[in-house]
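K.L.:
Under numbering that gives the first Met the number 0, residues 0 to 609 are what the sequence shown spells out, in order. By construction, the Cβ of each residue, glycine as well, lies at the ideal position given by its N, Cα and C atoms. Let me give you the structure first, and then I'll get to my questions.
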Amino acid sequence: MKAKTKSSKPVSRALKRPAAKARVSRPAPPRANRADAVLTEIIRNGVLAVTEEMKTNLMRTAYNPIIYEALDFTVGLYTASGETVSIGLGLPSFIRGMAETIKAKLRHFAQVGPGDGLEPGDILVTNDAYTTGSHLYHFTFTQPIFFDGKLTAFVCTMAHWNEVGGVLGSMTTDIYSEGIQIPIMKYQKAGVVNQDLVEIIKMNVRIPEKAMGDLRAQITALKTGERRFTELLGRYGREPVLDAIRNIMDNSEAAARARTRTIPDGTYEAESYMDDDGVEVGKRIPIRVKVIKKGDEMTIDLSEIGKQVRGFYNSGPSTGYGCAQVAYKCLTSPTDYPVNEGSLRPLKVITGGGTVVTAVRPAAMRVWMTVPMTVVDTVFKAMSQAIPGRTIAGHFADLVSGYVNGINPKDGRLFIGGTGGPMGGGWGAKLNEDGMSATVCQNDGDTHNAPCEQTEVKFPVLIRRHALRQDSGGAGRFRGGLGAEKVVEPRCNVTLGTQMERVNCPPWGLEGGHSGKGNQITMVIDGKERNDYANGKVFNTRLKPGDSFTLHSGGGGGFGLPQLRDPERVAHDVKQGYVSNRVAREIYLVACSDDGVLNDAETQRLRSAA
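Rendered as C-alpha cells:
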C-alpha cells in the first residue's frame with residue numbers, strides 16, 4: 000500500500016481566500032471530563048466505601064482502646080499529588096495534616112538519589128511533629144497506589160499510639176523529651192519490610208507488643224484501601240475514575256462558593272485566650288482571628304495568634320491551616336461528603352511563623368490538640384456577627400483526660416491509661432437549638448469516650464461516678480450543653496497527669512447568652528479534698544487506693560437572653576436535674592417545684608419585675 004499524502008486541494012483553496020487577520024495564540028481548552036453524572040455518583044460512593052472499610056478494619060485489628068474504642072485515628076484516600084479525595088474521620092484537624100504529610104513525602108522522595116524514588120510495594124512512614132502538625136504519638140503510614148505502571152493515588156492512615164517513649168505524666172519543654180522521632184522514610188520498600196526500623200521502634204517504646212499490634216493494624220488499613228481503590232480503577236478505568244474524582248471536587252467547590260456568597264461581605268474579628276502553657280502559670284496565650292469575606296471567597300487570618308510557648312501546647316503549620324479549614328467547612332459545606340479538596344478551594348489561610356499553631360523545632364508538641372479547637376471556636380465567634388444562624392456559642396474545647404500509669408497488680412506489667420479516653424462535655428447553643436451535652440470535643444470529631452465497664456476491666460481503676468454536671472451549661476434562650484463529671488479511684492499506686500485547658504476562659508455565650516462552666520479537676524488525697532488546681536494542670540501526682548480524682552468537663556455557652564427561654568423548657572430542665580431550682584429562679588426567672596411543676600403566676604411576676 001502507498002502511504003497517504005495530504006491533498007493539495009485545500010491548500011489551493013486557501014490561497015484563493017482573502018488574507019486572514021493575525022490570530023492570537025490561545026492555550027488549548029482543558030480536556031473535557033469523560034465521567035458522566037452517573038459514573039461520578041458511583042465513584043463518589045465508591046471512594047467513601049474505600050475509606051469506611053479502611054476505618055472499620057483499623058478499628059477491628061488495633062490493640063489499644065484509644066484506637067478501637069476512642070477512635071483516635073484518621074484514614075484517607077488522596078490523589079497522586081496529595082489532594083484529599085475522601086477522609087474517614089477520626090480527627091477533623093487532620094483534614095490538612097495527612098495531605099501535607101503526603102506532599103512532604105513526595106517532596107522528600109523526589110530529592111533522593113536514582114532508584115530510591117517511589118515504586119509499587121512501598122509504604123512510607125513518619126511521626127515527625129512538624130510535618131504532621133501534631134504530636135509524636137501520631138504515626139502516619141502512606142502507601143502509593145500504582146495502576147497501569149503509573150502513580151495514581153495514595154492511601155494514608157494516622158493512628159494514636161499509646162506511648163512512644165519520652166517522659167510520662169510531666170511537662171515537656173522540647174520535642175526531644177517527648178519520644179522517638181521517625182523522619183520520612185520507607186517502612187516497606189518494594190514489598191520488603193525494613194526490619195531494622197521495626198527493631199528501633201520496638202526498643203524505644205515501653206509496651207512494644209501493643210505498638211507493633213497497632214502498626215500492623217495501620218498496615219491492614221492501607222492494604223484494604225489499596226485493594227478496594229484498585230478494584231474501582233480496574234472496573235471503570237484509570238482516566239474515567241480520575242475524571243469522576245475531578246468532577247466530585249469541582250462540584251464540592253461550587254457548593255462551597257455558593258454558600259460563601261450567602262455570607263455578607265466584610266471583615267470580622269474576635270478574640271479569646273488559653274489559660275497558660277503550664278510553665279508560665281497564669282500567663283494567657285492570646286487567640287486572635289480575623290475573617291475577611293469577599294464574593295465567593297474567604298480569608299482566615301491567624302497571624303495574630305500568640306507565639307509558640309515553652310510548654311507542650313504547640314502544634315505545627317499543617318494544624319494551623321487545618322483548624323481554619325475545619326471552621327470554613329462547618330460554615331459552608333458541613334454535610335458535603337466525601338470530605339475533599341474541592342470544598343476548601345475558596346479558602347485562603349494566613350498564618351504567622353512560630354505561633355502556637357505554626358510552631359517550629361524544637362517546640363514541645365505533646366498537647367497539640369487544645370489550642371486549635373479554641374481557634375475554631377473563635378472563628379465561629381467572629382462569624383456570629385454576620386451569620387448568627389450558622390454559628391455556635393463556645394464549647395468546652397478540651398479532652399478533659401487524666402493520664403494514669405503504674406504497675407498492674409494482675410500481671411506485674413506497666414499500664415498506661417485508665418480514665419476511658421477523652422471525656423465528653425458541653426457544646427454551645429445555636430440560634431434555635433440547645434447545645435449537645437457530654438459530647439466529645441471538636442478536635443476529636445468522631446472519637447468516643449470508652450465505656451466505664453471496659454475501662455475497669457482493662458485497667459486497675461474503679462469509676463465511682465460518671466454523670467452530667469448540673470448547671471454547667473450556659474443559661475440562654477437556648478441553653479448550652481452540659482458537661483460531665485467522672486470520679487476515678489485507683490486500685491493500686493499510680494501516677495496521674497492532666498493537661499487541662501479552658502479552666503479560666505470558660506465557653507462563651509452569644510447574643511446575651513451566659514458562659515458555661517469551665518473545665519476543672521479536683522482530688523481527694525488522704526481523705527482531704529483538694530480544689531487548688533486553678534489552671535487544671537497536674538503533673539506527676541502520686542495516688543494510692545482510697546484516693547480519687549474527679550474530672551469536670553465544662554458546659555457550652557448559651558444563646559440569647561435567659562429570661563426569654565420558654566418556662567416549660569426550664570421546668571423540664573429542673574425536673575431532669577440539668578438546671579437547679581436556684582438557677583431557674585435567679586437566672587431564668589422561672590418558678591417551679593423540684594419535680595418540674597411550673598408556677599405560672601410566680602414566673603410572670605418574676606419576669607415582669609426584671
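Look at the alpha carbon of L542 and the alpha carbon of I41, and state the distance between them as a whole number of angstroms.
P.N.:
56 Å
K.L.:
Measure the C-alpha to C-alpha separation of I586 and K429 and round it to an integer number of angstroms.
P.N.:
Spanning the two alpha carbons is a distance of roughly 19 Å.
K.L.:
Any idea if P263 is buried or exposed, counting beta-carbon neighbours within 10 angstroms, 16 or more meaning buried?
P.N.:
P263 should be labelled exposed.
K.L.:
Which residue spans inside the segment 177–221 form an unbroken beta strand (DSSP E) run of at least 3?
P.N.:
Those beta strand (DSSP E) runs which fall completely within the segment 177–221 and span 3+ residues are 184–188.
K.L.:
With three or more beta-carbon pairs closer than 8 Å as the criterion, would you say the segment 291–311 touches the segment 210–217?
P.N.:
no
K.L.:
Quick check on the DSSP output: what are the complete beta strand (DSSP E) runs of length 3 or more inside the segment 374–459, in order along the chain?
P.N.:
401–407, 412–416
K.L.:
Comparing C-alpha positions only, which one of G393, V370, S383 sits nearest to D376?
P.N.:
Closest option to D376, Cα to Cα, is G393.
K.L.:
Do G555 and G479 have their beta-carbon atoms positioned less than 8 Å apart in this structure?
P.N.:
yes
K.L.:
When DSSP builds the beta bridges, which residues end up paired with S271?
P.N.:
I286
K.L.:
Note down the Cα distance separating I174 from R360, rounded to an integer number of angstroms.
P.N.:
7 Å
K.L.:
First and last residue of the beta strand (DSSP E) that includes M97?
P.N.:
That residue, M97, is in no beta strand (DSSP E); its alpha helix (DSSP H) goes 93–110.
K.L.:
If you reduce the DSSP assignment to three classes, tell me which class F311 lands in.
P.N.:
coil
K.L.:
State yes or no: is the C-beta of G148 within less than 8 Å of the C-beta of G496?
P.N.:
Taking C-beta atoms as the reference points, G148 and G496 fail to come closer than 8 Å.
K.L.:
Sort V486, R564, I286 by Cα distance to G512 and report the nearest one.
P.N.:
Sorting V486, R564, I286 by C-alpha distance to the C-alpha of G512 places R564 at the top.
K.L.:
Can you tell me the Cα-Cα spacing of P28 and A363, whole angstroms?
P.N.:
Residue placement at P28 is poorly supported in this model, since its pLDDT is 44, which falls under 50; the coordinates still yield a value, given next. Taking the CA atoms as reference points, P28 sits about 49 Å from A363.
K.L.:
If I follow the unbroken alpha helix (DSSP H) through G45, where does it start and stop?
P.N.:
36–60
K.L.:
To the nearest angstrom, how far is the alpha carbon of T438 from that of P337?
P.N.:
23 Å
K.L.:
By the three-class DSSP mapping on this structure, what secondary structure does K20 have?
P.N.:
Because K20 carries a pLDDT of 37, less than 50, the predicted location of this residue cannot be relied on, and no value is offered for it.
K.L.:
Less than 8 Å between the C-beta atoms of S552 and G419, yes or no?
P.N.:
no
K.L.:
With burial defined as no fewer than 16 other Cβ atoms inside 10 Å of the residue's Cβ, what is the status of V325: buried or exposed?
P.N.:
Buried, since its Cβ has 16 or more Cβ neighbours within 10 Å.
K.L.:
Hey, how far is the Cα of D599 from the Cα of N580?
P.N.:
So the alpha carbons of these two residues sit roughly 15 Å apart.
K.L.:
Which of the three DSSP states, helix, strand or coil, is assigned to D614?
P.N.:
Here the chain covers residues 0 to 609 and nothing more, so residue 614 does not appear.
K.L.:
Classify G281: buried if its beta carbon has 16 or more other beta carbons within 10 angstroms, exposed otherwise.
P.N.:
Within 10 angstroms of the beta-carbon of G281 lie fewer than 16 other beta-carbons, which makes it exposed.
K.L.:
Please name the residue, chosen from R468, E177, V124, Q562, that lies closest to T602 on a Cα-to-Cα basis.
P.N.:
Q562
K.L.:
Near L105, what residues of its chain come up, given a Cβ to Cβ distance below 7 Å and the 5 sequence neighbours on each side ignored?
P.N.:
Closer than 7 Å at Cβ, skipping near neighbours: G81.
K.L.:
By the three-class DSSP mapping on this structure, what secondary structure does T261 have?
P.N.:
coil
K.L.:
Return yes when the Cβ of Y320 is within less than 8 Å of the Cβ of T369, no when it is not.
P.N.:
Taking the C-beta atoms as reference points, Y320 is found no nearer than 8 Å to T369.
K.L.:
By how many angstroms is the C-alpha of A253 removed from the C-alpha of I200?
P.N.:
45 Å
K.L.:
To the nearest angstrom, how far is it from the Cα of D71 to the Cα of G132?
P.N.:
15 Å
K.L.:
Give me the Cα-Cα distance between V591 and G508, rounded to the nearest whole angstrom.
P.N.:
According to the sequence shown, residue 591 is Cys rather than Val. Cα to Cα, C591 sits roughly 25 Å from G508.
K.L.:
Per DSSP, what kind of secondary structure is M522 in: helix, strand or coil?
P.N.:
strand
K.L.:
Let me know the secondary structure DSSP gives H513 once reduced to three states.
P.N.:
coil
K.L.:
Helix, strand or coil: how does DSSP classify D300 here?
P.N.:
strand
K.L.:
By how many angstroms is the C-alpha of D242 removed from the C-alpha of V23?
P.N.:
The predicted model places V23 with a pLDDT of 36, which falls under 50 and marks its position as unreliable; any figure quoted below should be read in that light. In a straight line, the C-alpha of V23 is about 30 Å away from that of D242.
K.L.:
With a threshold of 8 Å, are at least 3 pairs of Cβ atoms found where one atom belongs to the segment 177–184 and the other to the segment 119–131?
P.N.:
yes
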